[in-house]
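Residues 8 to 364 in the numbering used here are what the sequence shown spells out, letter by letter. Ideal Cβ placement from N, Cα and C applies to all residues, glycine included. In what follows, a structure is listed as structure tokens, so that the remarks can point back to it.
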Amino acid sequence: MAKTIVGLYDDRATARKVVEQLEAKGFGEDHLRSTTYEDGGLGDYDVDPKEGATPDALQGYGIPDDEADFYAEAVRRGGVLVIARVHDQDAQVAADIMARHNAVPYEQRAASYREEGFERYEEAEPYSDTEIREERERFADEGVARMKEIEEKLKIGKREVVRGGVRVHKYVDTDMVEETLRLREEHIDVDRRAVDREATAEDLADAFTEDEVEITERAEEAVVEKETRVTGEVAVGKDVDYREEKVGGEVRKTRVEVEETAGQEAVASGVEWETFAPKFREHYDTAYASTDYDYDTYEPAYRYGYDMANDTRYRGRDYNEVESDLHRDYVNRHDEGLWDETKDAVRHAYNSVKRAF
């Protein structure tokens with residue numbers, strides 16, 4: 008029974024390699040078809056996309072309806088389609104070759120088309136060279152896993168804040184002041200008396216001369232005057248002191264480690280320390296060389312992680328699952344104070360050996 012294996016690629020050069028490798032495996036004219044609107048073609052197995060890349064034509068190759076619509080649209084946008092009709096026993100070989108060259112992931116790309124409102128292939132004009140280039144740039148990172156290294160930086164500065172102060176008010180208070188004074192007053196007293204005697208010469212001297220006597224009465228009265236005097240003052244000012252204060256905070260950063268995984272030669276009985284020692288030293292140079300500790304400080308941590316990954320109690324188990332046990336055991340064997348500095352080295356060694364099994 009025949010099966011249809013389909014691979015979609017974003018460039019002609021990759022698709023050509025796929026066709027060449029399929030041909031090298033014995034698949035020929037009876038098995039292979041390739042189609043694209045991109046100039047240049049793929050060789051002996053080219054099919055005119057207007058005939059071989061329509062939904063109906065693709066369904067004729069055994070491709071399901073919904074997938075046929077997608078592949079027809081992808082070719083219109085500049086994609087290169089490779090189709091292999093093979094026997095059951097050869098299907099895996101063809102699929103492996105197509106997958107090895109990073110065929111466009113159907114589900115991911117189809118989801119992107121659906122977000123744009125694509126429902127079904129229509130007889131629209133193929134993309135121009137410029138549109139094809141833009142389309143390929145848009146999906147250039149599809150299937151590429153990216154991990155960002157992010158670091159926090161601490162910015163230390165100072166700002167002025169109000170810690171408190173004083174507010175000075177001036178009020179006017181009124182008090183009643185009293186004092187008792189002794190005041191002098193004069194009063195004229197007129198004493199008229201009846202006299203009957205003979206006038207003397209003195210009396211006759213100015214008896215018939217006009218005369219006038221004026222007597223003034225005087226008195227003291229209380230006088231109140233106010234004198235303003237300064238009796239005190241309040242001065243408000245500021246003293247400036249300086250002090251030193253240490254400030255700081257924790258900053259985080261992510262570090263992406265790239266580790267090589269072991270091949271099939273790794274055996275379940277364990278992997279020799281000498282196999283990993285150079286890689287651990289390389290990891291130290293990358294991650295810890297700038298610290299205050301030399302490699303001799305970290306080597307016991309690498310060796311401990313190596314030993315525990317080979318230990319039958321932990322072999323094959325996820326590190327997060329056993330970390331608490333390893334922590335307790337590690338501090339019993341080593342200085343407790345170094346766990347925080349070396350625990351990442353333990354994790355790195357454990358995971359490196361774990362992947363070897």
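Exposure label - residue i; buried when at least 16 CB within 10 Å
{"i": "HIS194", "result": "exposed"}
{"i": "GLY171", "result": "exposed"}
{"i": "MET154", "result": "exposed"}
{"i": "ILE12", "result": "buried"}
{"i": "PRO112", "result": "exposed"}
{"i": "MET183", "result": "exposed"}
{"i": "SER359", "result": "buried"}
{"i": "TYR176", "result": "According to the sequence as given, residue 176 is His; it is not Tyr. Exposed is the call here."}
{"i": "ILE222", "result": "exposed"}
{"i": "ILE163", "result": "exposed"}
{"i": "GLY59", "result": "buried"}
{"i": "LEU211", "result": "exposed"}
{"i": "ASP51", "result": "exposed"}
{"i": "ARG236", "result": "exposed"}
{"i": "THR349", "result": "buried"}
{"i": "VAL26", "result": "buried"}
Residue i and residue j closer than 8 Å at C-beta
{"i": "GLY86", "j": "LEU15", "result": "yes"}
{"i": "TYR44", "j": "ARG107", "result": "no"}
{"i": "TYR134", "j": "GLU142", "result": "yes"}
{"i": "GLY312", "j": "ALA356", "result": "yes"}
{"i": "ASP53", "j": "THR42", "result": "yes"}
{"i": "GLU144", "j": "ARG259", "result": "no"}
{"i": "TYR68", "j": "ILE90", "result": "yes"}
{"i": "ALA352", "j": "TYR309", "result": "yes"}
{"i": "ARG262", "j": "GLU328", "result": "no"}
{"i": "GLN66", "j": "ASP72", "result": "yes"}
{"i": "VAL173", "j": "VAL231", "result": "no"}
{"i": "TYR300", "j": "ARG288", "result": "no"}
{"i": "ARG116", "j": "ALA81", "result": "yes"}
{"i": "PHE34", "j": "ALA102", "result": "no"}
{"i": "ALA214", "j": "ALA201", "result": "no"}
{"i": "ALA226", "j": "ARG204", "result": "no"}
Selected residue, minimal CA-CA separation from residue i, among the options
{"i": "ASP347", "options": "ASN358, GLU221, LEU333", "result": "LEU333"}
{"i": "LEU188", "options": "GLU228, ILE104, GLU74", "result": "GLU228"}
{"i": "ASP136", "options": "ASP46, PRO285, PHE283, GLY164", "result": "ASP46"}
{"i": "GLU36", "options": "VAL93, ILE70, ASP18", "result": "VAL93"}
{"i": "LYS165", "options": "GLY239, ALA147, ARG250", "result": "ARG250"}
{"i": "TRP280", "options": "PRO307, GLY255, THR293", "result": "PRO307"}
{"i": "ASP17", "options": "PHE146, THR293, ASP63, ARG288", "result": "PHE146"}
{"i": "LEU161", "options": "PHE283, GLU132, GLY255", "result": "GLY255"}
{"i": "MET8", "options": "TYR291, ALA214, GLN96, PHE283", "result": "GLN96"}
{"i": "GLU4", "options": "ASP196, ALA294, GLU186", "result": "Because the chain is modelled from 8 through 364, residue 4 falls outside the range shown and cannot be assessed."}
{"i": "PHE77", "options": "HIS38, GLY124, ARG40, LEU39", "result": "GLY124"}
{"i": "ASP5", "options": "TYR295, ASP198, TYR337", "result": "Limits of the chain in this structure are 8 at one end and 364 at the other, which puts residue 5 out of reach."}
{"i": "VAL241", "options": "ALA118, VAL220, TYR178, ASP218", "result": "TYR178"}
Proximal residues to residue i (C-beta, below 6 Å), its chain only, five neighbours per side dropped
{"i": "THR268", "result": "Because the pLDDT of THR268 is 48, which lies under 50, any placement of that residue in the model is unreliable, and the question is left without a value."}
{"i": "GLY277", "result": "In this prediction, GLY277 has a pLDDT of 48, which is less than 50 and means its spatial position is unreliable; nothing more can be read from the coordinates."}
{"i": "ARG354", "result": "TYR326"}
Same chain only: Cβ atoms within 8 Å of residue i, ignoring 5 sequence neighbours per side
{"i": "LYS24", "result": "HIS108"}
Beta-carbon proximity list for residue i, same chain, < 7 Å, skipping 5 on both sides
{"i": "ALA79", "result": "ALA60, THR61, PRO62, LEU65, TYR128"}
{"i": "ALA110", "result": "GLY14, LEU15, TYR16"}
{"i": "PRO56", "result": "THR42, THR43, TYR44, VAL82"}
For residue j and residue i, believed in contact at Cβ under 8 Å, the rounded distance
{"i": "ALA98", "j": "LYS10", "result": "4 Å"}
{"i": "TYR305", "j": "TYR326", "result": "Not confirmed; about 17 Å, so no contact."}
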